[in-house]
Amino acid sequence: AKTHDKGSSAIFDEAMHTRVVDRLRFETDLRAALERHEFELYYQPIIDLRTGRTRSFEVLLHWRHPSRGLLTPDQFLSVAEETDLMRPIGLWAVEEACRQLAAWRLEAPDSSPSHLAVNLSDREFWNPDLVDNIADCLQTHRLAPGSLAVEITESVLLRDPDEVGAILDRLRALGCELHIDDFGTGFSSLEALPKLPIDALKIDKSFVGGLGRDPRSEQLVKTILRMGQSLDLKLIAEGVETEEQHQALAGFGCHYGQGYLFCEPVPPEAAITVIRRHAAL
Ligand code: C2E
Ligand code: CA
Ligand code: CA
Ligand code: CA
29 AKTHDKGSSA
39 IFDEAMHTRV
49 VDRLRFETDL
59 RAALERHEFE
69 LYYQPIIDLR
79 TGRTRSFEVL
89 LHWRHPSRGL
99 LTPDQFLSVA
109 EETDLMRPIG
119 LWAVEEACRQ
129 LAAWRLEAPD
139 SSPSHLAVNL
149 SDREFWNPDL
159 VDNIADCLQT
169 HRLAPGSLAV
179 EITESVLLRD
189 PDEVGAILDR
199 LRALGCELHI
209 DDFGTGFSSL
219 EALPKLPIDA
229 LKIDKSFVGG
239 LGRDPRSEQL
249 VKTILRMGQS
259 LDLKLIAEGV
269 ETEEQHQALA
279 GFGCHYGQGY
289 LFCEPVPPEA
299 AITVIRRHAA
309 L
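For the sequence shown, this note's numbering begins at 29 and goes up steadily by one.
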C-alpha cells in the first residue's frame with residue numbers, strides 16, 4: 029500500500045506542478061495583455077421592457093488570448109482580481125468605454141445610447157484614485173454628466189457604510205448612476221440600502237432563470253422588485269432568456285431587462301446596428 033501511495037502522490041505532484049505552471053503562464057500572459065492590446069469591449073443592450081427600446085449598454089470586457097482564443101470575463105477576471113492587474117485593466121475598460129461612447133455620439137447622434145454601464149470590482153472600488161480616474165476619462169472624452177452608470181456588487185457594501193457612502197457620493201457628483209449588481213446573491217445588509225445613493229438594482233440571472241420553473245426564485249424576484257419599488261429604485265433583470273421570463277418580469281413591474289432573448293453581448297460594430305435598429309422603433 030505504501031508504494032501505491034507514493035506512486036499516486038507523485039502523479040498528484042506532477043498534476044499540481046502542471047497546474048501551477050499553467051497558472052503562472054496565464055498570469056504572465058495577462059500581465060502582457062494590456063501592452064499587446066488584446067482586450068476588447070463587448071456591449072449588451074439593456075432594454076426598456078415596456079417600449080422595447082435600448083436604454084443603455086452594459087460593457088463587458090473580453091480578452092483575445094494569442095493561443096486560447098476569445099476569453100469571456102469569467103475566464104480571467106478572477107486572476108486579475110487576485111493580483112495587481114485588476115486596477116490597470118479595469119481602468120482601460122472604463123477609458124475605452126468612454127472613448128466608444130464619444131465616438132458613437134459623433135457617428136449616430138440621434139440614436140446613440142444615453143449612457144454605458146461599466147462594472148467595478150471590489151479592488152477597483154477601493155482604489156483611492158477611482159473617482160479621479162473616472163473624472164479624467166469623462167473629461168478627456170468630453171462626456172456630459174450622466175454618461176456612465178457604474179455597477180458594483182453587494183460585497184462592496186459590506187464595508188463601513190460611511191466610507192462606502194462617501195465614495196458613492198463622489199461618483200454621483202460626477203453624474204454617474206449607481207447600480208447594485210447581482211442583487212440578492214450577496215449578504216448586504218438591507219438596512220444600509222435606503223441610506224446609500226443607489227439608483228438601480230440588477231436582479232441576478234440565477235433568480236431570473238428560475239422564473240416559471242422554481243417557485244422560490246419567483247418569490248425572491250417579486251420580493252426584490254417590491255423592495256426596489258418601495259425605495260423608488262430602477263429595476264433591471266439580467267439573464268432574460270425566454271419570452272416567458274420577459275412577460276413574467278414585465279407583469280411584476282420590472283422596468284428593464286437584459287439577456288440573450290434580446291441580444292447577446294456584441295462587439296462595437298454590431299452594437300451600432302442595434303442602436304440604429306432601436307432608433308427606428
Ligand atoms: P455581471 O456583471 O453579472 O454580467 C452579466 C453576465 O451575464 C455576463 O457574463 C453576460 O455575458 C452574461 N449574460 C448576459 N445575458 C445572459 C443570458 O441571457 N443568460 C446567461 N446565462 N448569461 C447572460 P460575462 O460576460 O462572463 O461577465 C462575467 C462578469 O465579469 C460580469 O458579471 C462582471 O461582474 C464581470 N465583468 C465583466 N466586464 C468587466 C469589467 O470591465 N470590469 C469588471 N470589474 N468586471 C467585469
Ligand atoms: Ca454587471
Ligand atoms: Ca450577475
Ligand atoms: Ca457578477
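Yeah, the Cβ is synthetic: ideal placement off N, Cα and C, and Gly gets one too. Remember, it's a predicted structure, so these values are computed and weren't measured experimentally.
Would you kindly work out how many angstroms separate the C-alpha atoms of residue i and residue j, rounded to a whole number?
{"i": "Lys-233", "j": "Thr-82", "result": "19 Å"}
{"i": "Pro-173", "j": "Phe-290", "result": "28 Å"}
{"i": "Glu-269", "j": "Gly-237", "result": "8 Å"}
{"i": "Thr-168", "j": "Pro-293", "result": "26 Å"}
{"i": "Arg-51", "j": "Tyr-70", "result": "25 Å"}
{"i": "Lys-30", "j": "Glu-42", "result": "The pLDDT assigned to Lys-30 is 48, lower than 50, so where the model puts this residue is not dependable; a value taken from the coordinates is nonetheless given after this. Roughly 18 Å separates the two Cα atoms."}
{"i": "Asp-190", "j": "Glu-182", "result": "15 Å"}
{"i": "Glu-66", "j": "Ala-136", "result": "27 Å"}
{"i": "Val-146", "j": "Glu-266", "result": "14 Å"}
{"i": "Thr-56", "j": "Val-49", "result": "10 Å"}
{"i": "Leu-277", "j": "Arg-254", "result": "12 Å"}
{"i": "Ile-39", "j": "Arg-47", "result": "12 Å"}
{"i": "Ser-245", "j": "Asp-210", "result": "14 Å"}
{"i": "His-283", "j": "Asp-76", "result": "6 Å"}
{"i": "Pro-141", "j": "His-207", "result": "17 Å"}
{"i": "Ser-37", "j": "Arg-96", "result": "30 Å"}
{"i": "Ala-61", "j": "Leu-113", "result": "10 Å"}
Helix or strand or just coil, what does DSSP make of residue i?
{"i": "Trp-120", "result": "helix"}
{"i": "Gly-97", "result": "strand"}
{"i": "Asn-147", "result": "strand"}
{"i": "Glu-66", "result": "coil"}
{"i": "Thr-213", "result": "coil"}
{"i": "Ile-74", "result": "strand"}
{"i": "Ala-136", "result": "coil"}
{"i": "Thr-79", "result": "coil"}
{"i": "Glu-292", "result": "coil"}
{"i": "Glu-110", "result": "helix"}
{"i": "His-169", "result": "coil"}
{"i": "Glu-269", "result": "coil"}
{"i": "Arg-241", "result": "coil"}
{"i": "Asp-57", "result": "helix"}
Could you tell me whether the Cβ atoms of residue i and residue j are closer together than 8 Å?
{"i": "Ile-12", "j": "Leu-263", "result": "The chain is shown from 29 up to 309; residue 12 falls before or after that span and cannot be answered."}
{"i": "Phe-54", "j": "Val-107", "result": "yes"}
{"i": "Gln-286", "j": "Ile-74", "result": "yes"}
{"i": "Ile-303", "j": "Ser-84", "result": "no"}
{"i": "Arg-59", "j": "Glu-109", "result": "no"}
{"i": "Ala-115", "j": "Asn-155", "result": "The amino acid at residue 115 is misidentified as Ala; the sequence shows Arg. Contact flag set, yes."}
{"i": "Glu-68", "j": "His-93", "result": "no"}
{"i": "Leu-229", "j": "Leu-186", "result": "no"}
{"i": "Gly-193", "j": "Leu-224", "result": "yes"}
{"i": "Leu-144", "j": "Leu-176", "result": "yes"}
{"i": "Pro-296", "j": "Gln-103", "result": "no"}
How many whole angstroms separate the CB atoms of residue i and residue j, which I take to be in contact at a CB cut-off of 8 Å?
{"i": "Ile-252", "j": "Gly-281", "result": "Contact flag wrong, Cβ pair sits at about 11 Å."}
{"i": "Ala-130", "j": "Leu-171", "result": "6 Å"}
{"i": "Ile-180", "j": "Val-122", "result": "About 13 Å separates the two Cβ atoms, so there is no contact after all."}
{"i": "Cys-204", "j": "Val-184", "result": "Not confirmed; about 14 Å, so no contact."}
{"i": "Pro-101", "j": "Leu-119", "result": "Wrong, their Cβ atoms sit about 15 Å apart, outside the cutoff."}
{"i": "Leu-202", "j": "Leu-166", "result": "6 Å"}
Have a look at the DSSP bridge pairing and note the partners of residue i.
{"i": "Ala-228", "result": "His-207 and Lys-262"}
{"i": "Val-178", "result": "Val-146 and Leu-206"}
{"i": "Ser-84", "result": "Ile-74 and His-143"}
{"i": "Arg-198", "result": "Answer is none; Arg-198 lacks a bridge partner."}
{"i": "Trp-91", "result": "Phe-67 and Leu-99"}
{"i": "Gly-285", "result": "Ile-75 and Ala-265"}
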